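Structure first, commentary second.
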Amino acid sequence: MQTSMESEDTKKMQEMKTDLNLLLECLKYQMDNAFSQKEALVTIHSICQQNSNASLYFREIGGLMFVKNLAKSSEHSMVKEAALYTLGAVAEQNVYCQQTLCTSELFEDLTWFLSNNDSNTNLKRMSVYVILVLVSNNRTGQTLVRETGCISVLSQLFKTVLSKYELNLSDENVFQSYQLWSSVCSTLCVCVNNPQNDENQMLCSSLFPHANDWLINCMKPEIIRPICSFIGLTLANNTYVQKYFISVGGLDVLSQVLVQLESDSHKTLSSAKLAVVVTKTVDACIADNPTFGVVLSKYHIVSKLLALLLHESLDSGEKFSIVLTVGHCTEDCEENQYDLFKSNGLPLMIQVLTESQNEELNKAATFVLHNCKKITEKLSLSLGEYSFDENEEQLKDVNMKEKNLEDYWKKAKEILHRIEQLEREGNEERVQREKYKDYVSSMNINIQNTLKHLHADSSGGGPKAEDKDKSQSRKLQSYKSHEVMSKACTNDDQMKTLLKSANPVNACYRESGQNKTLCKANSSCNQKLREETTFEKKNFVSQSRNSADPT
């Protein structure tokens with residue numbers, strides 16, 4: 046049986062080689078027949094996509110270099126487009142083909158196609174596609190795209206391809222221009238990231254003002270998603286670029302967009318999902334520089350994020366992104382810490398801890414709780430700034446509220462400690478598991494009672510505050526209490542160390558099925574950014590296939 050299978054594989058391999066040889070001959074002897082050449086190129090692409098060894102063999106017989114030269118020398122635009130499309134597909138399939146094509150000569154040819162006014166939109170799209178494939182996961186490609194001036198041409202296209210903010214995608218010409226622009230965004234993303242390239246990040250940062258204009262004037266998913274991916278990856282782990290982004294008003298623009306999307310999320314599900322995309326970009330900007338969070342306090346972003354957290358449609362990964370951003374907002378900004386307290390953030394974070402089974406989400410919530418401790422230390426000063434005109438009785442009331450806050454914070458910590466203790470006991474004695482569940486259930490009731498009094502005292506004690514707390518408890522998605530805090534840090538220094546590196550856009554992939562510690566939780570957010578870029582890339586390939594297909 047095995048011999049028969051090997052024989053079948055050998056037969057298929059030989060047929061593949063025969064087909065590629067015939068197709069290459071067809072390309073060489075049909076120079077005057079553009080349609081035949083296009084059909085041959087599309088067929089070559091199809092074969093290489095079906096067989097990973099086909100790309101290597103096509104390179105061995107000289108087909109790769111012939112197609113490269115054909116793309117440059119052919120007088121027919123359709124042949125140029127099909128040739129570039131085939132080059133990109135073959136290079137994407139095989140890293141050795143990618144390395145063979147990764148030359149300054151090809152980058153210069155592609156740059157010429159992009160800058161030539163005679164090139165139609167589809168030819169430019171095919172050129173961008175080849176650049177994207179050559180640069181992806183390839184530092185040599187990232188260097189060549191910069192040294193040949195190709196990245197400068199891409200930047201110019203980013204600014205000029207779309208001329209109107211209205212973006213009427215039902216118009217065929219506008220739609221084709223948008224496809225080109227979206228492809229340029231994806232290509233710029235791989236120019237700066239994976240591996241991270243500081244020099245390319247610096248060059249691409251010059252596009253921030255233009256990106257800001259688009260975010261303000263065209264709040265559509267088709268614009269927000271690619272621009273947020275571009276911004277997030279361009280400033281990732283680069284303090285200088287982050288500071289520049291803030292200096293040109295980028296964080297203010299993102300805040301305004303986030304406020305609007307959060308408001309719209311009460312009506313449409315898509316706005317909630319889009320708000321999470323913007324949230325990740327905000328986090329990428331402040332994760333390495335928590336002091337930048339003061340910019341967000343002007344827009345009460347913390348309260349907006351807490352409101353977004355209650356959206357029923359969000360999954361645990363999206364909630365993790367929100368909670369982690371809240372953590373970075375409150376890490377070193379007193380205004381945001383106070384906003385967290387006023388917006389009932391402490392009860393929400395404790396509720397996340399007691400009800401969620403997601404380890405990353407739990408640790409992000411613990412990060413926020415660690416920041417909450419600072420509120421008790423600084424609240425007196427924060428409230429004092431607003432209390433100079435208060436009478437003596439009102440000041441006494443403020444002091445009493447602060448004392449109550451400290452008391453309830455101690456109770457919350459005590460409850461969390463007891464949950465952690467029970468978790469350890471549960472690991473040691475499995476026969477006590479049912480009893481442990483009863484204890485946790487009882488403690489959840491105690492938490493709710495504690496949080497009810499906490500919010501009542503912090504808000505002024507009125508029935509409206511209590512109703513709000515109950516409403517939020519109902520809205521937050523409920524999970525069974527399980528393994529809560531079993532791996533939480535045991536002291537403040539560990540917590541700071543654990544979460545200091547939680548930059549959401551570090552270049553780190555998360556293996557399928559594994560749970561990382563929060564030191565690597567940053568990969569979760571970065572993966573989302575990459576997934577969006579990868580989706581655009583795959584969509585681009587699919588669209589390219591349609592445009593290159595003679596049928």
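Take 46 as the starting number for the sequence shown in our numbering and just add one per residue.
Yeah, the Cβ is synthetic: ideal placement off N, Cα and C, and Gly gets one too.
Just so we're clear, the structure is a prediction, and the values are computed from it rather than from any experiment.
What residues in its chain sit with their C-beta under 8 Å from that of residue i, if we drop five residues either side in the sequence?
{"i": "L296", "result": "F290, V327, C330, I331, F337, V340 and L341"}
{"i": "M264", "result": "V302, Q305 and L306"}
{"i": "N165", "result": "S122"}
{"i": "L65", "result": "I89, I92, A99, Y102, F103, I106 and G108"}
Since I believe residue j is in contact with residue i (beta carbons under 8 Å), could you give me their beta-carbon distance rounded to a whole number of angstroms?
{"i": "S358", "j": "D384", "result": "Their Cβ separation, rounded to whole angstroms, is 24 Å, which puts S358 and D384 out of contact at 8 Å."}
{"i": "L155", "j": "C195", "result": "6 Å"}
{"i": "C249", "j": "L233", "result": "6 Å"}
{"i": "Y174", "j": "Y130", "result": "7 Å"}
{"i": "S292", "j": "L252", "result": "So it is not a contact: roughly 14 Å between Cβ atoms."}
Taking the straight line between their C-alpha atoms, what separation do you get for residue i and residue j?
{"i": "S569", "j": "S149", "result": "For S569, the predicted structure reports a pLDDT of 45, less than 50, and the residue's modelled location is therefore unreliable. A value from the coordinates is still provided. Taking the straight line joining both Cα atoms gives about 35 Å."}
{"i": "D54", "j": "C230", "result": "41 Å"}
{"i": "T63", "j": "G108", "result": "13 Å"}
{"i": "Y210", "j": "V304", "result": "20 Å"}
{"i": "V485", "j": "S310", "result": "Any reading at V485 needs caution, since the residue's pLDDT is 48, under 50, leaving its predicted position unreliable; the model's value is listed next. Distance between the alpha carbons of V485 and S310: 34 Å."}
{"i": "T31", "j": "M58", "result": "Limits of the chain in this structure are 46 at one end and 596 at the other, which puts residue 31 out of reach."}
{"i": "E244", "j": "T375", "result": "31 Å"}
{"i": "N183", "j": "K73", "result": "31 Å"}
{"i": "L414", "j": "S172", "result": "50 Å"}
{"i": "F203", "j": "S197", "result": "10 Å"}
{"i": "V112", "j": "L132", "result": "7 Å"}
{"i": "F386", "j": "T399", "result": "19 Å"}
{"i": "N282", "j": "Q246", "result": "10 Å"}
{"i": "L115", "j": "A79", "result": "11 Å"}
{"i": "K312", "j": "H356", "result": "11 Å"}
{"i": "A317", "j": "T324", "result": "10 Å"}
{"i": "V237", "j": "K56", "result": "44 Å"}
{"i": "L225", "j": "A99", "result": "29 Å"}
{"i": "S160", "j": "D360", "result": "44 Å"}
{"i": "N381", "j": "L212", "result": "36 Å"}
{"i": "P240", "j": "T188", "result": "11 Å"}
{"i": "M530", "j": "S388", "result": "Per-residue confidence for M530 stands at a pLDDT of 34, beneath the threshold of 50, marking its modelled position as unreliable; the derived number appears in the next sentence. About 24 Å."}
{"i": "E581", "j": "H90", "result": "For E581, the predicted model reports a pLDDT of 49, less than 50, meaning its position is unreliable; a value from the coordinates is still stated below. One C-alpha to the other measures close to 20 Å."}
{"i": "Q95", "j": "P254", "result": "43 Å"}
{"i": "T145", "j": "L151", "result": "10 Å"}
{"i": "S208", "j": "M76", "result": "38 Å"}
{"i": "S227", "j": "T205", "result": "12 Å"}
Could you name the residues of the same chain whose beta carbon sits closer than 7 Å to that of residue i, not counting the 5 residues immediately before and after it, in chain order?
{"i": "E307", "result": "A320, K349, A352 and L353"}
{"i": "H345", "result": "D384"}
{"i": "Q287", "result": "L280, C330, D333 and N334"}
{"i": "P266", "result": "S315 and L319"}
{"i": "V322", "result": "I269, R270 and C273"}
{"i": "N257", "result": "V293, G294, G295 and V298"}
{"i": "K343", "result": "none"}
Take residue i and list the residues in its own chain whose beta-carbon comes closer than 6 Å to its own, dropping the five residues that flank it on each side.
{"i": "E51", "result": "none"}
{"i": "V178", "result": "G133, A136 and E137"}
{"i": "C147", "result": "L179, T185 and G186"}
{"i": "C417", "result": "L391"}
Which stretch, first to last residue, makes up the alpha helix (DSSP H) that contains residue i?
{"i": "P240", "result": "Per DSSP, P240 belongs to no alpha helix (DSSP H) and is neither H nor E."}
{"i": "E400", "result": "G390 to E400"}
{"i": "Q94", "result": "A79 to Q95"}
{"i": "A320", "result": "L314 to I331"}
{"i": "Q138", "result": "S122 to Q138"}
{"i": "Q201", "result": "C195 to T205"}
{"i": "V678", "result": "The requested residue 678 does not occur in the structure, where the chain is confined to residues 46 to 596."}
{"i": "P271", "result": "P266 to T279"}
{"i": "N257", "result": "F253 to N262"}
{"i": "H373", "result": "S361 to T375"}
{"i": "G186", "result": "R184 to E192"}
{"i": "M110", "result": "G108 to S118"}
{"i": "F604", "result": "Lying before the first or after the last residue shown, residue 604 is absent from the chain, which here runs from 46 to 596."}
{"i": "T148", "result": "No alpha helix (DSSP H) holds T148; DSSP gives it neither H nor E."}
{"i": "L179", "result": "T166 to V180"}
{"i": "L353", "result": "I346 to L354"}
{"i": "S292", "result": "T284 to S292"}
{"i": "E380", "result": "E379 to K387"}
Flag this pair as touching only if the segment 404-419 and the segment 356-368 have three or more C-beta atom pairs under 8 Å; answer yes or no.
-> yes
Does the structure place the segment 116-133 close enough to the segment 74-90 that three or more beta carbon pairs sit under 8 Å?
yes
ask   = Would you call the segment 104-121 and the segment 65-75 in contact, with 3 or more CB pairs under 8 Å?
value = yes
Point to revise | Touching by the beta-carbon criterion (3+ pairs, under 8 Å), the segment 270-277 and the segment 212-219 | key: no
Are three or more beta carbon pairs between the segment 137-145 and the segment 161-172 nearer than 8 Å? no
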